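Residue numbers (the working numbering), protein chains in the order written: chain A, 152 to 257; chain B, 42 to 259; chain C, -13 to 212. Every residue gets a Cβ at the ideal spot worked out from N, C-alpha and C, and that includes glycine. Remember, predicted model here, so these are calculated numbers, not experimental data. For reference, the structure discussed in these notes is given below.
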Amino acid sequence: MTRTYRKVVWSAGATLGVMALLLALGVAQPVFAAQPPASTAAQEGFVPVKDVPAQEQLPAAPLVMAAYAVAWVAVFGYIWSVWSRLGRVERDLAEVSRRVDKGARR
Amino acid sequence: MKKLFLVLLLADAAMLAYAPVLIVNAPYEATMGLVQKIFYFHVPSWMAMFTSAFVCGVASFFVLFTTRKTADRVGAAAAELVVVFGLIGLITGPLWARKAWGVWWQWDAKLTSALILWLIFVAYLLLRRYGGAGSEKLAAAVGLFGTANVPFVYWSVNVWRTMHPTTAVVPSLQPGMRGPFWFCALAFLGLYVVMLTLRVRLENRRAELETLYLAVED
Amino acid sequence: MTFLQTVWLVTRKDILIEARSREIFFTTLFFAVSCVLVFAFGFVREGKPVEDAAAGILWIAIAFSGTLALGRAFERERQSETLRALLIAPISRPALYVGKLVGVLMLLAVVELIVVPLVAVMFQAALFEHALLMLGLLVTGTIGFCAVGTLFAAMLVRARSRDVLLPVLLYPITIPVIIAGVRGTAALLQADVDLPMARAWLSMLVFFDVMFITLALWTFEPVMTE
Chain A
152 MTRTYRKVVW SAGATLGVMA LLLALGVAQP VFAAQPPAST AAQEGFVPVK DVPAQEQLPA
212 APLVMAAYAV AWVAVFGYIW SVWSRLGRVE RDLAEVSRRV DKGARR
Chain B
42 MKKLFLVLLL ADAAMLAYAP VLIVNAPYEA TMGLVQKIFY FHVPSWMAMF TSAFVCGVAS
102 FFVLFTTRKT ADRVGAAAAE LVVVFGLIGL ITGPLWARKA WGVWWQWDAK LTSALILWLI
162 FVAYLLLRRY GGAGSEKLAA AVGLFGTANV PFVYWSVNVW RTMHPTTAVV PSLQPGMRGP
222 FWFCALAFLG LYVVMLTLRV RLENRRAELE TLYLAVED
Chain C
-13 MTFLQTVWLV TRKDILIEAR SREIFFTTLF FAVSCVLVFA FGFVREGKPV EDAAAGILWI
47 AIAFSGTLAL GRAFERERQS ETLRALLIAP ISRPALYVGK LVGVLMLLAV VELIVVPLVA
107 VMFQAALFEH ALLMLGLLVT GTIGFCAVGT LFAAMLVRAR SRDVLLPVLL YPITIPVIIA
167 GVRGTAALLQ ADVDLPMARA WLSMLVFFDV MFITLALWTF EPVMTE
């Protein structure tokens, strides 16, 4: 019973993690889109320009957001994993010490 | 002890919750603009990582040359945290570099040496995980060698190449940036202590469980 | 028995076994040659090696074949349970470490004696122009690599999945050696030879050797005690 419950929690957690990652990647999507595709107009000859037009410059906001998302996900993911491992050990500990008590009384 | 941990936990949680406000209000950098704000988490995570590497090295020393049981637990916890904070640094760095340098990765001194150090501690964890019985002591040798290696890695990679902003940017920070930066650095070090305590506690409880199991079997 | 006598006994044992079968020598040598060949396909363009390719290929061949030799040298001890016998013997642990280290170093020296001229010929690299500095780089680099490698290979004898773990542990820690070896050799091979640079790398290698041999001598005892 508890094992299936734990499995469900685990898979739910994993799904959430993957979704968060996809979301972060989705936020970062414009980064890839911002790469100027090889335009057909430039095949005849290139026109030099001193500065890249504003709309072609890499937007910084998604990068910053992705960076902070990664930091938070990593920290919370790790704390959550330690917490759950600790919970499991505590449960086992309680179980075993109960058994020890029983054995002592007998 | 437990009360102290709780206080630290709450204080650090409050600090981390307040950090975004400070970061948003900090001034922009002249040439890099918005993307430079990654700095406020990027550098503190490296600070936490190097602290943790140092802690692991010292703990490994005690594992090898004394018989203290806690040293091994601290070492294992610290090595795991090196990998966690290193991962944060290794992911936030390229996101910054993509905008500032135009590429995800540069074979630059700081990036390369951080990656090497990170790999050493990944190797430490791999050895503990897959080395079988008795691998704690072997891992301690890796931790000690890895920490002793830091100056060599740093020097050799530094002569090899450099383009990253130097560490001198930190003491020369302008007031508007200095406050938020040191706030974040402090928050990360606090976070590091909280996570380390938690992880060591897990290791302690595991050891207790182990001895109880042995008692039951007897 | 003095320290040096013990070292010599351990080394002589390894040399004798190796002289009879020559197993590690031949496998290591041909592994090094195949490494050179495989990397040649990556770094030779239009019949000419790319810049610095010779230095890189030489040191990669040394590192890879060194790992193989280290693994085999201790696998042999494990299979015949001789390492346990050595550990039980009333000899000092550091002497045992130095003995094994010298054995591996002699083996690699012979392999390098063949591989270095091979690289020089195949990649038109003037490896013998500054023979003394080149020799210094090779000696200190190999010592640094094997000093860490001997300790790790010895302690991994009782670990599971030791074949995979040896390179995983060894390469990140010996990266300074590889960088120093490759850059030092490249400084000697480039068009305008950079002698001060080569000397700087050589001195770093000397520091590395001193530091890690000392550490290994300290840690060998606790690591090998169960």
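TODO: Using the DSSP secondary-structure output, state which residues sit across from residue 70(B) in a beta bridge.
DONE: In the second sequence, residue 70(B) corresponds to position 29, counting from 1. Beta-bridge annotation (DSSP): residue 70(B) is paired with 74(B).
TODO: Return the CA-CA distance between residue 185(A) and residue 133(C), expressed in angstroms with no decimal places.
DONE: By 1-based counting over the first sequence, the position of residue 185(A) is 34. By 1-based counting over the third sequence, the position of residue 133(C) is 147. In this prediction, residue 185(A) scores a pLDDT of 41, lower than 50, which makes its location untrustworthy; the coordinate-derived value is nonetheless stated afterwards. So the alpha carbons of these two residues sit roughly 50 Å apart.
- [ ] Kindly list, in the order they appear in chain B, the residues whose Cβ is closer than 9 Å to that of residue 146(C).
- [x] Along the third sequence, read from residue 1 onward, the residue named residue 146(C) stands at position 160. Those within 9 Å of residue 146(C) in chain B are 171, 172, 173, 174 and 176.
Open item on the list: For residue 221(B) and residue 47(B), I'd like the C-alpha separation in whole angstroms.
Closed with: Translated into the one-based positions of the second sequence, residue 221(B) becomes position 180. Translated into the one-based positions of the second sequence, residue 47(B) becomes position 6. Rounded to the nearest angstrom, the two C-alpha atoms are 24 Å apart.
- [ ] Give, in chain order, every residue of the segment 209 to 222 of chain A whose Cβ lies closer than 8 Å to some Cβ of chain B.
- [x] 209, 211, 212, 214, 215, 217, 218, 219, 221 and 222
- [ ] Ignore the nearest five residues each way along the sequence and tell me which others in residue 148(C)'s own chain have a CB closer than 6 Å to its CB.
- [x] To locate residue 148(C), count along the third sequence from 1; it is residue 162. Closer than 6 Å at the Cβ level, and outside the excluded window around residue 148(C), lie 142.
- [ ] Could you check the C-alpha separation between residue 92(C) and residue 138(C) for me, to the nearest Å?
- [x] Here residue 92(C) is taken as the residue at index 106 of the third sequence, counted from 1. Here residue 138(C) is taken as the residue at index 152 of the third sequence, counted from 1. Looking at the two C-alpha atoms, the distance is approximately 18 Å.
Task: Option nearest residue 162(C) by Cα separation, candidates 150(B), 224(B) and 231(B) - done: Taking the third sequence and counting its residues from 1, one reaches residue 162(C) at position 176. Out of 150(B), 224(B) and 231(B), 150(B) has the C-alpha closest to the C-alpha of residue 162(C).
- [ ] Ignore the nearest five residues each way along the sequence and tell me which others in residue 195(B)'s own chain have a CB closer than 8 Å to its CB.
- [x] Translated into positions along the second sequence, residue 195(B) becomes position 154. Same-chain partners within the cutoff: 150 and 154.
Task: Closer than 7 Å at the beta carbon, the chain A residues around residue 254(B) - done: Numbered from 1 along the second sequence, position 213 holds the residue referred to as residue 254(B). Near residue 254(B) (Cβ distances below 7 Å), the residues of chain A are 247.
Task: Cα-Cα separation, residue 42(B) to residue 250(B) - done: On the second sequence, position 1 is the one that residue 42(B) refers to. On the second sequence, position 209 is the one that residue 250(B) refers to. Cα-Cα distance, rounded: 22 Å.
Task: Simplified DSSP state of residue 84(C), which is helix, strand or coil - done: Taking the third sequence and counting its residues from 1, one reaches residue 84(C) at position 98. Looking at residue 84(C) - three-state DSSP - the assignment turns out to be helix.
Open item on the list: Check whether the segment -4 to 3 of chain C and the segment 44 to 63 of chain B touch, using three or more Cβ-Cβ pairs below 8 Å as the test.
Closed with: no
Task: Neighbouring residues, chain B, relative to residue 243(A) (Cβ below 7 Å) - done: Along the first sequence, read from residue 1 onward, the residue named residue 243(A) stands at position 92. Correct list: 250.
- [ ] Could you work out which residues of chain A lie near residue 93(B), taking near to mean beta carbons separated by less than 9 Å?
- [x] Here residue 93(B) is taken as the residue at index 52 of the second sequence, counted from 1. Within chain A, no residue comes near residue 93(B); the closest Cβ sits about 12 Å away, beyond 9 Å.
Task: Any C-beta of chain C under 8 Å from that of residue 220(B) - done: For the purposes of this step, residue 220(B) is taken as the residue at position 179 of the second sequence. Cβ-Cβ to chain C under 8 Å: no for residue 220(B).
- [ ] Measure the beta-carbon distance from residue 105(C) to residue 44(C) and round it to whole angstroms, keeping in mind my assumption that it falls under 8 Å.
- [x] Within the third sequence, residue 105(C) is the residue found at index 119, counting from 1. Within the third sequence, residue 44(C) is the residue found at index 58, counting from 1. Residue 105(C) to residue 44(C), Cβ: 5 Å. Contact.
Open item on the list: Can you check whether the C-beta of residue 159(C) is within less than 8 Å of a C-beta belonging to chain B?
Closed with: Position 173 of the third sequence, counted from the first residue, corresponds to residue 159(C). Yes, residue 159(C) lies at the interface with chain B (some Cβ there is under 8 Å from its Cβ).
TODO: Have a look at 5(C), 55(C), 202(C) and 181(C) and flag the residue whose alpha-carbon is nearest the alpha-carbon of residue 115(C).
DONE: Here residue 115(C) is taken as the residue at index 129 of the third sequence, counted from 1. The shortest C-alpha separation from residue 115(C) is found at 181(C).
- [ ] For chain A, find out if any of its Cβ atoms is closer than 8 Å to the Cβ of residue 42(B); answer yes or no.
- [x] Start at 1 with the first residue of the second sequence, and residue 42(B) comes out as number 1. So no, residue 42(B) is outside the interface.
Open item on the list: Suppose you measure from the CA of residue 265(A) to the CA of residue 102(B); what does that come to, to the nearest Å?
Closed with: Limits of chain A in this structure are 152 at one end and 257 at the other, which puts residue 265(A) out of reach.
- [ ] Verify the CB distance criterion: does residue 125(B) have a CB-CB separation below 8 Å to chain A?
- [x] By one-based count along the second sequence, residue 125(B) stands at place 84. So, interface residue.
Open item on the list: Just list the residues that DSSP pairs residue 31(C) with in beta bridges.
Closed with: The residue given as residue 31(C) occupies position 45 in the third sequence. Per DSSP, the beta bridge partners of residue 31(C) are 34(C).
- [ ] Say yes only if the C-beta of residue 238(A) is nearer than 7 Å to one or more non-hydrogen atoms of the ligand PLP, and no if none qualify.
- [x] The ligand PLP is not part of the structure shown, which contains no ligands of any sort.
- [ ] Closer than 6 Å by C-beta to residue 165(B): which residues in its own chain qualify, once you throw out the five before and the five after it? Chain order, please.
- [x] Taking the second sequence and counting its residues from 1, the one referred to as residue 165(B) is at position 124. Closer than 6 Å at the Cβ level, and outside the excluded window around residue 165(B), lie 120, 180, 183 and 184.
Open item on the list: For a test of the three-state rule: what should DSSP assign to residue 16(B), helix, strand or coil?
Closed with: The structure shown does not extend to residue 16(B), since chain B is modelled only from 42 through 259, so no value can be given for it.
TODO: Return no unless some Cβ of chain A is closer than 8 Å to the Cβ of residue 133(B).
DONE: Along the second sequence, one-based indexing puts residue 133(B) at 92. At least one chain A Cβ lies under 8 Å of residue 133(B).
Open item on the list: Quick check on residue 135(C): buried or exposed, where buried means 16 or more other Cβ atoms within 10 Å of its Cβ?
Closed with: The count along the third sequence starts at 1 and reaches residue 135(C) at position 149. It is buried - the Cβ of residue 135(C) has at least 16 other Cβ atoms within 10 Å.
Task: Continuous alpha helix (DSSP H) stretch holding residue 161(C): start and end - done: As a working note, residue 161(C) is residue 175 in the third sequence. Element bounds for residue 161(C): 148 to 175.
- [ ] Output, in chain order, the set of chain B residues within a Cβ distance shorter than 9 Å of residue 169(C).
- [x] Translated into the one-based positions of the third sequence, residue 169(C) becomes position 183. Those are 197, 200 and 201, listed as they occur along chain B.
Task: Given residue 126(C) as reference, the closest of 10(C), 54(C), 184(C) and 28(C) once Cα atoms are compared - done: Looking up residue 126(C) in the third sequence gives position 140. Nearest C-alpha to residue 126(C): 184(C).
Task: Closest by C-alpha distance to residue 128(C), when choosing among 207(C), 83(C), 5(C) and 52(C) - done: Locating residue 128(C) in the third sequence gives position 142, where the first residue counts as 1. The residue among 207(C), 83(C), 5(C) and 52(C) with its C-alpha nearest the C-alpha of residue 128(C) is 52(C).
Open item on the list: So for residue 176(B), helix, strand or coil by DSSP?
Closed with: Counting from one through the second sequence, the residue named residue 176(B) turns up at place 135. Annotated three-state conformation of residue 176(B) is helix, per DSSP.
Task: Residue environment, residue 66(B), which counts as buried when at least 16 other CB atoms sit within 10 Å - done: Residue numbering aside, residue 66(B) sits at position 25 when the second sequence is read from its first letter. Exposed is the call here.
- [ ] Answer with yes or no whether the minimum CB distance from residue 141(C) to chain B is below 8 Å.
- [x] Along the third sequence, one-based indexing puts residue 141(C) at 155. Chain B contact via Cβ: present.
- [ ] Identify whether residue 66(C) lies in helix, strand or coil by the three-state DSSP scheme.
- [x] In the third sequence, the residue the question calls residue 66(C) occupies position 80. In this structure, residue 66(C) counts as coil in the three-state DSSP scheme.
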